[in-house]
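Protein chains in written order, with UniProt numbering: chain A, 1 to 143; chain B, 1 to 143; chain C, 1 to 143; chain D, 1 to 143; chain E, 1 to 143; chain F, 1 to 143. No residue lacks a Cβ here, since even glycine has one placed at the ideal position from N, Cα and C. Just below is one structure, and these are the notes that go with it.
6 protein chains.
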Amino acid sequence: MIEANLDDQTGEGLGYVMAQLLDAGAFDVYFTPIQMKKNRPATKLSVLGDPQARESLTKIILVETSTVGVRYQTWQRTIMRRHFIEVQTTFGAVQLKVATYDDIEKKTPEYADCVRLAKQSQVPFMTVYQAALAAADQADKEC
Amino acid sequence: MIEANLDDQTGEGLGYVMAQLLDAGAFDVYFTPIQMKKNRPATKLSVLGDPQARESLTKIILVETSTVGVRYQTWQRTIMRRHFIEVQTTFGAVQLKVATYDDIEKKTPEYADCVRLAKQSQVPFMTVYQAALAAADQADKEC
Amino acid sequence: MIEANLDDQTGEGLGYVMAQLLDAGAFDVYFTPIQMKKNRPATKLSVLGDPQARESLTKIILVETSTVGVRYQTWQRTIMRRHFIEVQTTFGAVQLKVATYDDIEKKTPEYADCVRLAKQSQVPFMTVYQAALAAADQADKEC
Amino acid sequence: MIEANLDDQTGEGLGYVMAQLLDAGAFDVYFTPIQMKKNRPATKLSVLGDPQARESLTKIILVETSTVGVRYQTWQRTIMRRHFIEVQTTFGAVQLKVATYDDIEKKTPEYADCVRLAKQSQVPFMTVYQAALAAADQADKEC
Amino acid sequence: MIEANLDDQTGEGLGYVMAQLLDAGAFDVYFTPIQMKKNRPATKLSVLGDPQARESLTKIILVETSTVGVRYQTWQRTIMRRHFIEVQTTFGAVQLKVATYDDIEKKTPEYADCVRLAKQSQVPFMTVYQAALAAADQADKEC
Amino acid sequence: MIEANLDDQTGEGLGYVMAQLLDAGAFDVYFTPIQMKKNRPATKLSVLGDPQARESLTKIILVETSTVGVRYQTWQRTIMRRHFIEVQTTFGAVQLKVATYDDIEKKTPEYADCVRLAKQSQVPFMTVYQAALAAADQADKEC
């Protein structure tokens, strides 16, 4: 994880650097609101990425933000195995991500599919999302 | 209350505008972390002041920040009556703000006094703060 | 809505005042992290309640917190009509809140029911929650 | 301004509703992190829009989020007059928004232009941004 | 410390997982508001616990939240030694936690005792809290 | 990095401890709003400092705050090389920090200089800031 505290950066510029870091292969990028000295509201930038990408991700941060330094550290991760299934809903087909770990299994409808079908059928996002979960649940019972 | 959402302002510049607004007579100035469109972490600036100072406080915001507009609205206030008392502690004299409303009364040691005495006696800030509260409590009982 | 900015209150005391205000009939109570002058991280307390309860809620705030004043203001509300239905899941019966407004209808499983059944059946909270939604959806189709 | 406190909504769904509200003509949409009862981290949704759009924006919130009610209130606004100018930089032409109010005038380079030119010339976003400001400043002096 | 970024979890479900983790023996559990990609307000879950409990705490997070992975890392700790004393106040007996480290000693009234006595005597929470601190201070002087 | 979660500390006391830690040589001190158990809004204190200063910084935290323990961990840092240059603006001389790393170079006007000149010439802070950047840019081109 690479982190930098930014107190002389605009929110506009931060939206841009988030996009640059994700394009460059960061696993995840997120902002945390912090409060720095001299009454400065600031933003902590956190970047999760492959240790081998540390140098290239660091350079993007140094180039695109006002910080003169970053700090970094290695975290271990426990990650669930993932595969995808597809279910049929009354609004169309939706992909679900199936994550497993020991005896734990959970399914999450893909955001992009739900957005597309919600707009197409002019129904709320959550309606499509729930329909996908229900269809997946039904498919499980039929097995 | 005057408010503005700022997404192309640095934290550095925000610390400066807080000082300018307080110097100009604002009752209170505070920042709230918000999240705006296009993945922009931003800051909401809130200024409480006298309705008659609205125009002058607005101008400071427009001059010193990047916003092109502010919004404002009148709030009512319920304010406790306040007076000051002084108590003696082993570290020296401390002013307390006494606030009253109906049958409610509360006392708050003055921050600046506690800081000064804490540094002078090289004791923690909270030690002086508690000593002032205890002294005030003792004075009450002796009445 | 009643609001107060609190910079000399502990988090512990704030958890207590939230409970007191909810007991006294406030519709909702929430905290927002803010940043005040002199580098003080602070908390904004917001209380939504009946206009007739303003005086009593204000007194709780003045008694239980360190603030010497509150501000308040009337907001209008658009509220959906609500009734409750009960559905059967494999884990037991769950109440759902059904909210309607014009042609909008949505159902939300009751939190307390889901927690109770999740603990009883030793399944995840979300499993019960989804089962309740699916059962409600099924009931709709059968009508 | 329309507001709703959302404690049973996912971040994913909130990103979606922000897009829907902006598409429907809201002036601005932003999120504030809040803390609600029962240890629930939550998000306050705030929508600024034309008073005449209140009903339609409210319906989007009720349809797309889990809330059963919204609150609203009218704020006054002081808005600077705005027009656009174009300047030439070594990276290409950039539009700047010029905002004026009484004797106050400020210029802000358009975000989209800076992003496009930064990517095209493979330079940092801030380099283009600063170049646009410098060019505008130069143009002023030559007048 | 175990951490997970949650962007497709409701606040309601997060309140539940906090309770589950504390029941399972976590030292501390806290939430931080963060901002993730695609305009998603999200919550970072942080869990402090015994390294030997890592696997069991991780499983609770994977079962009860929507995340497909957690990250973790060992931190060192400097902890003050603690014991409890009891003091008499006009409202009843209050336990205080006494923490010591080298020549540092501090006393903190127990939250549960202060809440119980405050409700019983119908006085503000802070009144009991201060009375307990004053009583402890008095006891020190008499030694 | 040393961290402590503080839920029974006032914002006022936190402003004080930030000053104490910076005076004692901490590289950086910042606050993050967090949410702890029992509905307590709290503040995470983070202190970046030299590993050799860990013991002395820890003691300040234990003395001045209510926490009974801190956690700490070593992070690596990538820091840009820095030197200062001075440029002339129409408002006076401004120092700029020049930071370099490989082929990256960026310049940041010194906050204190900009504040001083802004007040002296009664112009906005950003006007001086931009003038300094433009002057530095001009100086580069003339080389």
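Look up F125 (chain D) in the DSSP assignment and give the residues it is bridged to.
Looking at the DSSP output, F125 (chain D) bridges to nothing.
Less than 7 Å between the CB of L45 (chain E) and some heavy atom of the ligand ADP, yes or no?
For the structure depicted, the ligand ADP is absent and the ligand set is empty, with no information on it obtainable.
List the residues of chain F whose Cβ lies closer than 7 Å to the Cβ of L62 (chain A), in chain order.
M80, Y101 and I104
Shortest alpha-carbon distance to V29 (chain B) belongs to which of C:K44, C:T127, C:A136 and C:T89?
Taking each of C:K44, C:T127, C:A136 and C:T89 in turn and checking the Cα distance to V29 (chain B), the smallest one comes out for C:K44.
With a threshold of 16 other CB atoms inside 10 Å of the CB of F84 (chain B), please say whether the residue is buried or exposed.
exposed
Indicate whether at least one CB of chain C lies closer than 8 Å to the CB of Y30 (chain B).
yes
Distance, Cα to Cα, A42 (chain B) vs K141 (chain E)?
51 Å
CA nearest to the CA of N5 (chain E), picked from E:S46, E:A132 and E:K119
With distances taken between CA atoms, N5 (chain E) lies nearest to E:S46 out of E:S46, E:A132 and E:K119.
Simplified DSSP state of M80 (chain E), which is helix, strand or coil:
coil
Report yes if the CB atom of A132 (chain A) is closer than 8 Å to the CB atom of F125 (chain A), and no otherwise.
no
At 7 Å on the CB atoms, spell out the chain C contacts of T108 (chain B), in chain order.
Proximity of chain C to T108 (chain B) at the Cβ level (cut-off 7 Å) is accounted for by D8 and S66, in chain order.
Does any CB atom of chain B fall closer than 8 Å to the CB of N39 (chain E)?
yes
Using only alpha-carbon positions, find the residue among E:A139, E:E64, E:E12 and E:Q73 that is nearest to L96 (chain E).
E:A139
If you drop the 5 nearest sequence neighbours on each side, which residues of the same chain put their C-beta closer than 6 Å to that of G9 (chain A)?
According to the sequence as given, residue 9 (chain A) is Gln; it is not Gly. The answer, listed in chain order, is T65 and S66.
Quick check on this structure: which residue in D:R71, D:D7, D:V87 and D:L62 has the alpha carbon closest to the alpha carbon of D102 (chain C)?
It is D:L62.
Three Cβ pairs or more, each shorter than 8 Å: is that satisfied between the region 45 to 59 of chain C and the region 22 to 36 of chain C?
Yes: at least three Cβ pairs fall under 8 Å.
Between A53 (chain A) and M80 (chain A), how many whole angstroms is the CB-CB distance? I'm expecting something under 8 Å.
Between A53 (chain A) and M80 (chain A), the beta carbon gap of about 22 Å keeps them out of contact (Cβ cut-off 8 Å).
Runs of beta strand (DSSP E) wholly within the region 25 to 109 of chain C (minimum 3 residues, chain order):
28 to 36, 40 to 48, 69 to 72, 76 to 79, 81 to 89, 92 to 101 and 104 to 109
My understanding is that E12 (chain C) touches Y111 (chain E), with C-beta atoms under 8 Å, so please give their C-beta distance in whole angstroms.
5 Å
Please tell me whether V115 (chain C) has its Cβ less than 8 Å away from any Cβ of chain E.
yes
Please tell me whether A4 (chain B) has its Cβ less than 8 Å away from any Cβ of chain A.
no
Tell me A136 (chain D)'s beta-bridge partners as DSSP assigns them.
Partner(s): none; A136 (chain D) has no beta bridge.
Please list, in chain order, all residues of the same chain as E55 (chain D) whose beta carbon is under 7 Å from its beta carbon, the five residues on each side excluded.
none
V87 (chain B) and V128 (chain B) - do their beta-carbons sit closer together than 8 Å?
no
Alpha carbon to alpha carbon, how far is S121 (chain C) from K59 (chain F)?
48 Å
The alpha helix (DSSP H) enclosing Q20 (chain E), as first and last residue numbers:
In this chain, the alpha helix (DSSP H) harbouring Q20 (chain E) covers G11 to D23.
Buried or exposed for D7 (chain D), please, with buried defined as at least 16 other CB atoms from any protein chain shown within 10 angstroms of its CB.
buried
Taking the straight line between their C-alpha atoms, what separation do you get for D113 (chain A) and A19 (chain A)?
21 Å
Considering only the beta carbon of each residue, do T32 (chain A) and I34 (chain E) sit closer than 8 Å?
yes
Considering only DSSP beta bridges, list what E3 (chain E) is partnered with.
Residue pairing by DSSP places E3 (chain E) opposite E:S46 and E:R71 in a beta bridge.
Interface partners of P33 (chain D) on chain C, CB under 9 Å:
Near P33 (chain D) (Cβ distances below 9 Å), the residues of chain C are T32 and P33.
Out of E:A134, E:R40 and E:L57, state which residue places its alpha-carbon closest to the alpha-carbon of L22 (chain E).
E:L57
Neighbour flag for Q130 (chain A) against chain C, beta carbons, 8 Å:
yes
Three-way DSSP call (helix, strand, coil) for D8 (chain C) in this model
coil
Partner residues on chain B for G15 (chain A), Cβ-Cβ distance less than 9 Å:
Counting only Cβ-Cβ distances below 9 Å, G15 (chain A) has contacts in chain B at D7, M36, K37, K38, N39, R40 and P41, in chain order.
Output, in chain order, the set of chain E residues within a Cβ distance shorter than 8 Å of R77 (chain A).
G69, V70, R71 and Y72
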